[in-house]
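One structure is given below, encoded as structure tokens.
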Amino acid sequence: MADVVIAQEIFGRLRQATAADPAVLSELCREYVAEARSAVAKLRKALIQRDAAEVRERAHYLKGSSLMIGARILAQCCSRLEQMGRDSELEAAGLALDQTVAALKAVEEELAREVGSVVLPAEGSAA
1 MADVVIAQEI
11 FGRLRQATAA
21 DPAVLSELCR
31 EYVAEARSAV
41 AKLRKALIQR
51 DAAEVRERAH
61 YLKGSSLMIG
71 ARILAQCCSR
81 LEQMGRDSEL
91 EAAGLALDQT
101 VAALKAVEEE
111 LAREVGSVVL
121 PAEGSAA
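Note that this note's numbering has the sequence shown beginning at 1, numbered continuously upward.
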């Protein structure tokens with residue numbers, strides 16, 4: 001993944017909007033990571049159950065929240081999963097989910113560098 005993990009023009013605006021209270025940025029990022037991990041877990045379950053509608057819905061949700069913080073690579077992975085769910089073509093979705101998990105880990109690492117390790121929820125909630 002040679003591309004930028006988090007688009008700084010987007011994340012910078014978020015940082016600027018929360019500059020008066022940096023704890024808000026930490027909390028937003030921690031909530032994002034927790035929700036993203038939950039979405040990945042739900043995606044994994046939906047794939048096991050071959051539930052294309054749930055795959056589409058969870059991937060769409062994660063794509064949108066990822067775009068809000070500038071996680072474009074992760075959003076692209078989610079977009080592929082969303083399309084697979086929409087088309088009910090889940091054969092390659094396992095590989096796409098693996099790529100999504102890898103992209104999420106890269107986003108988590110970048111957020112930890114940018115904001116601090118406080119953005120990472122307890123490991124029990126990991127995807």
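Cβ atoms here follow ideal geometry from the backbone N, Cα and C, with glycine treated the same way.
The structure displayed is predicted, hence computed values, not measured ones.
Expected contact under 8 Å - CB spacing of residue i and residue j to nearest Å
i: Arg-72; j: Ala-7; result: 6 Å
Proximity to residue i [Cα-Cα], best of the options
i: Met-68; options: Leu-81, Leu-14 and Val-5; result: Leu-14
i: Asp-51; options: Glu-89, Glu-108 and Glu-9; result: Glu-89
i: Glu-9; options: Ala-103, Gly-70, Val-107 and Leu-81; result: Gly-70
i: Gly-12; options: Leu-111, Arg-86, Leu-47 and Cys-77; result: Leu-111
i: Arg-37; options: Arg-113, Glu-109, Leu-104 and Glu-114; result: Leu-104
i: Met-84; options: Val-101, Ser-66, His-60 and Val-107; result: His-60
i: Ala-102; options: Glu-82, Val-118 and Gln-76; result: Gln-76
i: Val-119; options: Ala-19, Gln-49 and Glu-31; result: Glu-31
Other residues of its chain near residue i: CB distance less than 8 Å, five sequence neighbours each side excluded
i: Lys-42; result: Glu-54 and Arg-58
i: Ser-125; result: Since pLDDT at Ser-125 reaches only 44, below the 50 mark, its modelled position is unreliable, and the value read off the structure follows with that caveat. Excluding sequence neighbours, Ser-125 sits near Ala-34, Arg-37 and Ser-38.
Alpha-carbon to alpha-carbon, residue j and residue i
i: Cys-78; j: Lys-63; result: 5 Å
i: Pro-121; j: Asp-87; result: 33 Å
i: Ala-34; j: Glu-91; result: 27 Å
i: Ser-26; j: Leu-81; result: 28 Å
i: Thr-100; j: Ser-117; result: 21 Å
i: Val-107; j: Pro-22; result: 19 Å
i: Leu-74; j: Glu-109; result: 13 Å
i: Ala-19; j: Val-4; result: 23 Å
i: Gln-49; j: Arg-113; result: 36 Å
i: Ser-66; j: Val-40; result: 12 Å
Neighbourhood of residue i by C-beta distance below 7 Å, restricted to the same chain and skipping five residues each side
i: Val-115; result: Leu-25, Ser-26 and Cys-29
i: Leu-47; result: Val-55, Leu-90, Ala-93, Gly-94 and Leu-97
Heavy atom of the ligand FMN within 8 Å of residue i beta-carbon
i: Gln-99; result: The ligand FMN is not part of the structure shown, which contains no ligands of any sort.
Worksheet item: Mind pulling the alpha helix (DSSP H) runs of 4 or more residues that sit fully within the segment 73-115?
Response: Segments of the alpha helix (DSSP H) lying fully in the segment 73-115: 93-115.
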